[in-house]
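These notes are about the structure you will find just below.
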Amino acid sequence: MADKKRYGFVIDVSRCIDCRACLVACRVENEVPLPHTRIWVKDQGLRGTFPDLAREFVPYNCMHCEHPPCIEVCTSGATFKDTDNGLVLVDQEACIGCGLCVEACPYDARYLDPARGVVDKCTGCVQRVERGEEPACVATCLGGARMFGDFNDPSSEVSQALARATQVRQLVTDEVDPDPNIYYLNGDVMQTGLLPRLPRYTTAETLWRGVAIPAVIAGITLSFLGQAVAFTKQLIEGEQEFEE
Amino acid sequence: MTRIEHHVSRRDFLKLGGASVGALAAGAILAPPAAAAARQAGFLDDAGDGTIPTMCEMCVWRCGVLARVKNGRVVKLDGNPAHPHSRGMLCARGQAGLMSTYDPDRVLHPLIRVGPRGGGQFRQATWEETLDLTAQKMAEIRDNYGPEAMVFSSTHNLSQVQFENLLSAYGSPNYGTQRSLCFNAMVTAFLLTYGVEEPARNYDSVKFVLLTGRNLLEAISTSETAELMEAVSRGAKLVVLDPRFTKTASKATEWIPIRPGTDAAFLLSMIHVIVTERLADCEFVKKYVTGCEEIPAAMSEYTPEWGEAKTGVPAATIDRLAREYAAAGKDAMAHPGWRTSNFMNSFQAERAIATLNALSGNVLTPGGCLVAESPEAAGIPLGKPPQPAYPRVTSMRLDGVPWKYPLVPLKLGIFQNIREAILTGQPYQAHGWFVSRQNPVLSIPDRARTVEAMGKLDFIAVVDVILNDTAWYADVVLPEASYLERYDPLNIVDHKLFLRQPVIEAQGEARSALWIYKQLGERLGLGEFFQYEDEEDYLRQQLAPLGAELQDVKYKGYLEVPAEEGDGEIVFSTPSGKIEVYSETLAGAGFSPWPTWEEPAAPAPDEFYLLTGKVGQHTQTATQNNAFLHQVEDEPKLWIHPAAASARGIEDGASVRVTSPIGSVVVTSLVTEGIRQDCLYLAPGYGHASKGLRLAYGVGVSDSDLHVTYTDPISGGQALSQTFVTVERA
Amino acid sequence: MSHAEFIPLAERKRLRVTEIKKHNLANILTHWFNVAMWALLLPTGLAILASPRLGIVPEMWQTLMRNIFGGTAHLIEFHYSIGLVWIAVLTFNILLGFRKYFIPFTRERMFLDADDIEWLKVKPLQMIGLAKAKHLPPQDVYNAGQKLYMYMVIVGTLTIGLTGLIMTFHNLIPWPWLIRWCLPIHFSAVGMVVAGLIIHVYMGAVFPEEKEAFFSMFTGKVSAWYARRHHAKWYWRKMEEEMDWEDRVLAEGRALKVDESAAD
């Protein structure tokens, strides 16, 4: 019986130098087509006036949330949280390219690959992890800002980093908190102005949910009731072998 | 001749792609020779998939790379944990490296110019024709004007030893490298002070790091950048002197927005405080530093108050930092810097840095921060092919070394002076230029002047992987195989000999520099200087004294060479055997023997310092056409302070015209608090004029259209920040 | 039932044993083919809908179907494969039998007339025991209710097929918004047909008056009695055709006899 893992990232904001090696490494490792990307470094911009200045960079990618809005909305169940390792993944052969998950993700971490008509996103470089390597972005991080590992294992690098850290934050707000599995160290400087945003639900899905489904249920119920009444009447009046 | 035909027919057989469009077909039907060799070496499986160790070439740091190969294509590059420069990581450029190899704009066939020079019209030719033509032209120049009429130039690379072999065998003294555009000030200063070109830096226990410029978090040297971040995270104090709020400054404990050109003043003031207050490691200084008794007197005028007047930094700050630096003792590091081509007095700033380190006793001491050891001193005896003695060179060099610049090491030279000499014809007229892995049209200040100089030459040959700006002006282009496609001579890093080997079959007809130089050499009648059959034979000859098998080195990617046990005696390779803060050599040449203050030029009230620097996503002018780096780059803009901008009615993002004494450019502005009011900054590397670079062409502007050419008389280094400009709305 | 015409007992007995062909083989096969397709498509299609936010389909069903087909991808593959087969066979049949079957079928059975409209107002009331006094107009081979259902099935099938095609070939469609709209439209069309299907199944298989109709979907035949009662227009038209045919045969026979006697 294998222990369940909860893979996630710990990112030390004070150590990101915006070198963008992670952006390129991810693209190459996972053959992400231009101009899409599975990973970002947010430049929070220059704060202050000369010469009292500050500038921080916040790397992020799919947060592999504990309560992912994307899974909530996936039509076919193509996106799922792997029960063995906690990563949120997309079975691209089961994805029908409706893009509802792209709209729902509060971190805009997903994109629709136009060439294949399916959704793509960070997979935690599961193909590398299975080989015993770190995700590409983590392995190449020059500043040592990125860490990846199993939160369920208290001896893992990420667990230990969390245990001894101060200023641990997630990119969440009061309105939006899917319990993401990227924890930020030295994260008090992070601004949540842009992320996370409210999950978006499209008109098509809203109408589906709010109008079409109730209408269909009503129609079928009516239809069923109608024939139930007729059937009951039929049973009460008894069958007539011969009509007059 | 038979050999050439043999190679050509094999190339034809494997020919992929046409003239400058060389996208590699996915998967070769036949096993390419490189893959066969790799399989033999043991790291490709039967399907041709596997991982091959080699070395990056996206910058000069040359990280070790583990290249993952699938179906005859490189699919991922990872840092080699065994290489001291990568330690398992690669920067953005290293990660993007395969996109340079697979760049559709690569030159994959020899090209011969048709139409006017700079018109960009070439015809594809065979290697035979192109090499014959090149050799013929070079021979003509040698026969008619003497070998000195041929200029050879190349930027630091692994096959440089054979490039130098070629030019030495040819008999030309005119060797241009990028060094005078980059680090002449640093190397000359440290050679004179410590007897080594560049001390290595050890961050293991550093507590105080003083960076003078050296934007380590954007001018990325993978392992050193990581080590600095490690030290800062550990709690080391980082002090950054920079007129601009770089990303390095953003991680600094203290950022000092110092007035440009006054680094030396700041450093001399620090020295003053340390020696006056007797805060130095006196034991070390007495034992190993010349003139230690006289240092206080020599530094007496450089008080913190004096420093404040020069630098704009408060005297109390200078005083405090000097004390903090001294208090860290051997765990303090005044970083030597790297590109130190800022002002004419940059040499003196470097001398001051060397002195600061000497005072803290951190040089060559166990656990100290600076390891004054050069690779040659590592004592690894590499073999080389047998060859006759070089012909004697009787003519003087065009760059004025050493007859005009007695202290500039021959190895460094003064590149910009070669360009001037070509233009003026003084002391004699050059007639040809052979360029390899270098882009002087964009890197030497005053691009128009460089192009004009090229107009004076009979013949220009360029070895490159892509049609960069200098190749655009060439008469012949010789396509070098990319670093993922070729062997290069062995590289020594920290008692390990690293190998660059092909990971995939070279595309098109591209060949290694080792092959190109040999082919040329043979045609010039210099075959005796190139006694190797092929690249592998060359490497075997290099390994011979070490008794190692090439096969083993190929498999591991490197060879460990046990370090020679030193006797513990610390000796500096200077005339006195000590650290020469007082330099008799400098005195003898008529310069100040002490690190000294030289007042720099300053801009007029309506002028600005034009700063240059580095970005973490590109390497000088080499990588702007790489699609993956193009994707992650910032749009190149001109930084300007809000006060300066509003005074000129410049809004953020507006087009502005920057004008210098030699030219003017129009560029997008970035209004930012992150720069001094008297400074502007232009992101380097852009402004390519070669239409052969379809992604890079027309993006941004080049400061080579603005920079006035200045040369420091002591080190021969450029002074790139000494060009003052005006700016206005365009 | 009242207002039905009065038919003597002997005639009724004769009518009950006389058979008329109501459905040709094409009709029968198409019908059961559709039944089979729906039997495969409806359960699998529902099982695909895994969105917790929609929450329409019980998880047990989703899991069961995924287990049977070996995962979501294979379940979807199965669903759209059957869908493609459905579209292909229908299209092929219509094209192949366009002249012989499709045109006549359309002409005879597709359009509503005044009687149909009136029937539509009266019949539902009578089914729940009201309006017993009203007269029910005569109906053609398909009564108006069946025609309405046919329209719904045709529109439904076309909609389901078109949206299904778009979703199947989503990798060729560069507009995700189109795929997103296909989802509720596909679903609604299916729902509409299912609602109608419930009535159709009841009326065809359970409602006692239509027992013969149910069996006619296997044998193709109904009794003349049934036809005259429920599809009077069609019955009388069939009688006309038969009488015309008989007249023609007799006329030809007489002509033959004349020829024969003339030849003697």
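Residue numbers (our numbering), protein chains in the order written: chain A, 5 to 248; chain B, 88 to 817; chain C, 24 to 287.
Quick reminder that beta carbons are idealized off the backbone N, C-alpha and C, glycines included.
Just so you know, these numbers come straight off a predicted model, no measurement behind them.
Across the structure, B:P532 and B:T746 are spaced so that their CA atoms are roughly 14 Å apart.
In the DSSP annotation of this structure, the continuous segment of the alpha helix (DSSP H) that includes B:A445 starts and ends at 433 to 447. Put simply, the backbone Cα of C:Q169 is about 8 Å away from that of C:H223. With 16 or more neighbouring CB atoms inside 10 Å of its own CB, C:E235 falls in the buried class. Counting only the Cα atoms, A:S18 lies some 59 Å from C:L181.
Taking a C-beta distance under 8 Å as the contact criterion, B:A179 and A:R24 qualify as a contact pair.
Residue range 811 to 816 is occupied by the beta strand (DSSP E) that includes B:R816. Of the candidates B:R160, B:N244, B:L253, the residue whose Cα lies closest to the Cα of B:L613 is B:L253. The beta-carbon separation of A:V123 and A:C99, rounded to 5 Å, stays under the 8 Å limit for a contact. In the structure shown, the three-state DSSP call for B:S789 is coil.
The segment 768 to 783 of chain B and the segment 712 to 727 of chain B touch, with three or more beta-carbon pairs separated by less than 8 Å. The beta carbon of B:M186 sits closer than 8 Å to the beta carbons of N713, A714, F715, L716 from its chain, once the five residues preceding and following it are set aside; these are given in chain order.
B:D556 is the residue among B:Y773, B:D693, B:D556, B:H422 whose C-alpha sits nearest the C-alpha of B:G205. When C-alpha distances from A:V142 are compared across A:P37, A:L50, A:P63, A:K237, the shortest belongs to A:P63.
Closest in C-alpha terms to B:Y570, from the list B:V564, B:M316, B:C146, B:D230, comes B:C146. Your pair B:L446 and B:A367 checks out as a contact, with CB atoms roughly 4 Å apart and the cut at 8 Å. In its chain, beyond the 5 residues on either side, G258, P260 have a beta carbon closer than 7 Å to the beta carbon of B:V480. Of the residues B:A313, B:A323, B:K397, the one whose Cα lies closest to the Cα of B:P347 is B:K397.
The beta carbons of B:Q629 and B:L577 sit about 5 Å from each other, so the pair counts as a contact at 8 Å. The beta carbon of C:F237 sits closer than 7 Å to those of G227, A228, all from its chain and outside the five residues before and after it, given in chain order. Counting of Cβ neighbours within 10 angstroms places C:H158 among the exposed residues, the total staying below 16. Each residue's CA atom was taken as its position, placing B:P140 and C:P75 some 48 Å apart. DSSP places C:V281 within a helical segment (H, G or I) once states are collapsed to three. Fewer than three beta-carbon pairs drawn from the segment 449 to 460 of chain B and the segment 301 to 318 of chain B are found closer than 8 Å, and the two stretches are therefore not classed as touching.
With respect to the 8 Å criterion, A:P184 and A:Q174 are classified as neighbours on the basis of their beta carbons. Inclusion of B:W602 and B:A385 in the CB contact set at 8 Å is not warranted, their separation being larger than that value. Within chain C, the residues placing a beta-carbon under 9 Å from that of A:D95 are G94, T95, A96, ordered along the chain. The beta carbon of B:S320 falls within 8 Å of a beta carbon belonging to chain A, placing the residue at that interface. For B:K701, no pairing in a beta bridge is given by DSSP. Rounded to the nearest whole angstrom, the C-alpha separation of B:L195 and B:A336 is 42 Å. For B:C178, the closest Cβ of chain A is nearer than 8 Å. Shown here for B:K338: same chain residues with a beta carbon closer than 8 Å to its own, the five before and five after excluded, namely L304, M316, V319, L325 in chain order. Assignment of B:Q805 by DSSP, reduced to helix, strand and coil, places it in the strand class. DSSP places A:N65 in the uninterrupted beta strand (DSSP E) bounded by 61 to 65. The C-beta distance from B:K224 to B:F546 rounds to 4 Å, short enough to fall under 8 Å. The segment 117 to 129 of chain C and the segment 162 to 178 of chain C do not touch, with fewer than three beta-carbon pairs separated by less than 8 Å.
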